[in-house]
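Undergrad:
Residue numbers (full-length UniProt numbering): 1 to 484.
1. Look up residue 444 in the DSSP assignment and say whether it is helix, strand or coil.
2. Could you have a look at residue 401 and say whether DSSP puts it in helix, strand or coil?
3. Determine, using beta carbons only, whether residue 184 and residue 72 come nearer to each other than 9 Å.
4. Drop a sphere of 10 angstroms on the beta-carbon of residue 265, count the other beta-carbons inside from all chains shown, and report buried for 16 or more, exposed for fewer.
5. Give every residue of the same chain whose Cβ lies closer than 7 Å to the Cβ of residue 98, excluding the five residues on either side of it in the sequence, and list them in chain order.
6. In whole angstroms, what separates the C-alpha of residue 123 from that of residue 114?
7. Helix, strand or coil for residue 156, going by three-state DSSP, please let me know.
8. Entirely within the stretch 385 to 434 and at least 3 residues each: give me those beta strand (DSSP E) ranges in chain order.
9. Which parts of the stretch 108 to 182 are runs of the beta strand (DSSP E), unbroken and 3 residues or longer, counting only runs that do not cross its ends?
10. Output the distance between the C-alpha atoms of residue 54 and residue 409, rounded to the nearest integer angstrom.
11. When you compare each of 404, 466, 269 and 309 to residue 142 by their alpha carbons, which one comes out closest?
12. With a CB to CB cut of under 8 Å and the five nearest residues on each side skipped, what residues in its chain are close to residue 8?
13. Expressed to the nearest angstrom, what Euclidean distance is found between the alpha-carbon atoms of residue 456 and residue 234?
14. For residue 343, does the count of other Cβ atoms within 10 angstroms reach 16, so buried, or fall short, so exposed?
15. Between the beta-carbon of residue 501 and the beta-carbon of residue 370, is there less than 9 Å?
16. For a test of the three-state rule: what should DSSP assign to residue 230, helix, strand or coil?
17. Starting from the Cα of residue 101, find the closest Cα among 91, 107, 77 and 109 and give me that residue.
18. State the DSSP-derived secondary structure class of residue 309, mapped to helix, strand or coil.
19. Determine the closest residue to residue 69 out of 368, 109, 383 and 280, with distance taken between C-alpha atoms.
20. Under three-state DSSP, which class holds residue 81?
21. By DSSP, does residue 99 sit in helix, in strand, or in coil?
22. When we look at the beta-carbon of residue 302 and count the other beta-carbons within 10 Å, is it buried (16 or more) or exposed?
23. Note down, in chain order, each residue of its chain lying with its Cβ closer than 6 Å to the Cβ of residue 1, except the 5 sequence neighbours on either side.
24. Could you name the residues of the same chain whose beta carbon sits closer than 7 Å to that of residue 412, not counting the 5 residues immediately before and after it, in chain order?
25. What does the Cβ neighbour count give for residue 519, buried or exposed, with the cut at 16 atoms within 10 Å?
26. Comparing C-alpha positions only, which one of 396, 182 and 316 sits nearest to residue 354?
27. Contact check, residue 206 vs residue 105 under 8 Å by CB: the rounded distance?
28. Helix, strand or coil, according to DSSP, for residue 265 in the structure here?
29. Could you please give the first and the last residue of the uninterrupted alpha helix (DSSP H) stretch that includes residue 371?
30. Looking at the structure shown, is residue 217 part of a helix, part of a strand, or coil, going by DSSP?
31. Below 9 Å between beta carbons: does that hold for residue 191 and residue 255?
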């Protein structure tokens, strides 16, 4: 009997029939990347050009893939591309000064790809969606106007530097991380893919933090911290907060995914993230998790009244075996000289912020001026070394944009939270309510972290705001259609 020969290409043929454009795009990109590697060995600059062209073409044809790539690397601020470090760019003016995280370069490719994808008809952009939440953008536009006016009186005549900071990050983050998600995400499937990617990133970051306890033990207090993977390469950065910060944002996502899928491994994975975040001994992370927990309990207070009595043994076991030892260790750590020194430097920075705010209270000294002000403070530098940026977004805004800038920015944040809360209250299905509640708690945690940290104009804060705003618009439109 003659048996038919097996067709090993059949699965790939099936995939190609379903997604011909996607498969062709991926194969083309792989081919171009292979060529770029070969060219890089011969002439590095040609390799970079081919990579750039590949990303650009991918963005035009299948822009969602480029967006997912941005989502995946957006928290890796230490993953930088420094053109000044390459021999072939050192002699090129301006280019040799370019130094930015990989996520920023991906964001630029995404922006240009979206524009040409729209021009060529691959992507239809619905700008009318932005009208749904126009007060959000009006408030931020007012903030930008105040910030631009403040550049006229930039500290120590650094007007050009202040305008540069106004362009990037103040305008850059709002376009890339706030507006682009609204234009790109059109259905719940895409949004859920973002959540899955972030949860995967959270697991990766947690494992990376856990490995630091094994391969790079701390000198002094044992804590989770970033470490170099290869030749000084630290993808997240060098401070322990860079591990805690994305985890604070991702942990609520884990709770929602467990509710949605009822899989036990998601519970253990989320608890692992909680332990790693607490294990960084970041006080900002502890406070942010506490505020997130309080917000979570308040929103789900009715469900908690039913859940806790039924699961009191499991909850007590988790607290006693996992959380209690870390809490005791943290309480001892808070009395250490390390924490006292950190507190002292924070108080000094706050004192500097108050002093300069009182001298110029309305519109401040211009975007990006805080570090220059601290640099000129001899007492601070003699005590703590290199100048630091403000450890808190409130002090930062007061010094750089004044009271008016702080008010405008606060109104901007208020509208984002208010629209999300309103959508959460208006949707009917429990799954949608829990989803919007998760986003609300996620934003609360991220914003709380920035009251004590320096990542206020990075993707780790602005992408959660943008994704939450995108989902809020989607469900506000959904509620209106149901009423009609």
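Cβ atoms here follow ideal geometry from the backbone N, Cα and C, with glycine treated the same way.
Given the structure is predicted, the values throughout are model-derived calculations rather than measurements.
TA: If we stick to the structure as given:
1. helix
2. Residue state, collapsed to three classes: helix.
3. no
4. exposed
5. Result list for residue 98: 83, in chain order.
6. 7 Å
7. helix
8. none
9. Runs found: none.
10. 38 Å
11. Answer by Cα proximity: 404.
12. In this predicted model, residue 8 has a pLDDT of only 46, less than 50, meaning its place in the structure is not dependable; the value taken from the coordinates is given anyway. Correct list: empty, nothing qualifies.
13. 20 Å
14. exposed
15. In the structure as shown, the chain starts at 1 and stops at 484, and residue 501 therefore has no counterpart that could be examined.
16. strand
17. 77
18. helix
19. 109
20. In the structure shown, residue 81 sits in a strand (DSSP, three-state: E or B).
21. strand
22. exposed
23. Model confidence at residue 1 stands at a pLDDT of 48, short of 50, so the residue's coordinates are unreliable and nothing is read from them.
24. Listed in chain order, the non-local C-beta contacts of residue 412 below 7 Å within the same chain comprise 136, 139, 140 and 143, local neighbours out to five positions each way being set aside.
25. Nothing in the structure corresponds to residue 519, since the chain is present only between 1 and 484.
26. Checked all of 396, 182 and 316; the closest Cα to residue 354 is 396.
27. About 26 Å; that fails the 8 Å criterion.
28. Correct three-state label for residue 265: helix.
29. 370 to 375
30. coil
31. Going by C-beta atoms, residue 191 is not nearer than 9 Å to residue 255.
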